[in-house]
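K.L.:
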Amino acid sequence: MPPTYTPLDSVALQRDLAARAPALTVKVIEECGSTSTLLAERVAADPATPGGSVIACERQVAGRGRRGRVWMSEAGASLTFSLLWRFGGAARRGPALSGLSLAVAVAVAQSLEQMGLIGIALKWPNDLLYEGAKLGGILVEVSGPGIAIIGIGLNVQLPPGFAATLDRAVTDLAAMTGGRFVLPDRTTLLAGVLAGLAAAMERYDREGFAPFRAGWQVRHAHQGLHVSLLRDDQSVAAEGIATGVAEDGALLLRTAAGLQRIHSGEVSLR
Ligand code: ATP
C-alpha cells in the first residue's frame, strides 16, 4: 500500500548534503524499531562503518528515550533519525564525551532557527522545547572509544490526538510557524538539521563543549528558575536555582548548601 504521506526524498536529500555536508551518507528506510539500535547493530556487525552514516526512518515503532523511556512518532508527521559520529580529536580524549548531547541540542536548535523556526528553548540536558512543550528529543549513546550514536526525534506536524497519548505537553514545528509561513517539507528540514549537526560535530571534535556553552545558555528554558532534579523513583536528588551550565555541560544549581554541579545520566529536571 502506498504511504498516505509525502515520503522523505532520499535522492534530493543526498544531493543537498553532497554540497553542504559531504561526510554524511544517509539511508532512508520505511520501517524500523529504533534508528539508534539499527546503527549500533551495524557498527557491531561491521566495526568499519564510517562516521557520518545516517539512518532516517519513516515509521519508527520502538523509539527510545533516556533511561528506557519511549519516543513516540508518527509516519509522515515526525523526523526520526540517528547519526554515527567518530571523534578522533580533543573530544575523544575528553571525559566520556560529556557535553556532547548539549552541543547536539544547540546545533539542532540553530539549524531550525536558520530555517525560520524561532523560539526554541532547551531543557537540561538536551530536550528541545517550544513555549514550554516538548518539540524534540535527543539520545546520545557512546558505542565505543570516540564513537557516538546520536538519535534525534522531532515532531513536525502531529496528528490530532497524538498529544493525549503522552504524559507531558508536546508541540511540533508546524506550531512554530504560527500560520505566518509555510513549514519547509520534511526532506528540507532533515537536510538542514543534518548539515548543521555535521558542522557542529566537527567543531565539537576540535574544541569540545566550550564553543557551544553560550549558545546553550541563551536558550536555557529554566535560567534563574527554581528547579528540582528527580530520580527515576521521583525522589528529589537536588533542588535550587538553575544558573546555567558548566564548561563540561553539568547543570549549575545554586542550593542552600552552595553551588552544585549536576551531571546528567541519572536525573530529570522538573
Ligand atoms: P526528561 O529530561 O524530562 O526526563 P528525557 O530526557 O528522559 O526527559 P527523552 O529521553 O528525551 O526524555 O524522551 C522520552 C520522553 O519524552 C518520554 O518519557 C515521553 O514523556 C516524552 N515523549 C515521547 N515521545 C514524544 C514526542 N513525540 N514528543 C514529545 N515528547 C515525547
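Under the numbering used here, the residue at position 6 of the sequence shown is numbered 7, and the numbers go up by one with no gaps.
C-beta atoms are modelled at their ideal positions from N, C-alpha and C, and glycine is treated no differently.
1) Measure the beta-carbon distance from V44 to L101 and round it to whole angstroms, keeping in mind my assumption that it falls under 8 Å.
2) Within the chosen definition, does the region 218-228 reach the region 31-47 through at least 3 CB pairs nearer than 8 Å?
3) Tell me the start and end of each unbroken alpha helix (DSSP H) in the region 166-205 that is at least 4 residues and wholly inside, in chain order.
4) Unbroken alpha helix (DSSP H) runs of length 4 or more, entirely within the region 88-127: which are they?
5) Any heavy atom of the ligand ATP closer than 7 Å to the CB of S144?
6) Closest to H223 by CA distance: which of A57, S11, A46, L252 is it?
7) With DSSP collapsed to three states, give me the class of V268.
8) When DSSP labels each residue in this structure, what does S1 get in the three-state scheme?
9) Can you tell me where the beta strand (DSSP E) holding L254 begins and where it ends?
10) Would you call the CB atoms of A170 and G133 closer than 8 Å?
11) Tell me whether W86, by its Cβ, gets closer than 7 Å to a heavy atom of the ligand ATP.
P.N.:
Taking the structure as given:
1) Not a contact, Cβ separation roughly 17 Å.
2) no
3) 174-178
4) 91-94, 101-115
5) no
6) L252
7) coil
8) Only positions 2 to 271 of the chain appear in this structure, which leaves residue 1 out of reach.
9) Counting along the chain, the beta strand (DSSP E) containing L254 begins and ends at 252-256.
10) Cβ distance < 8 Å, so A170 and G133 count as in contact.
11) no
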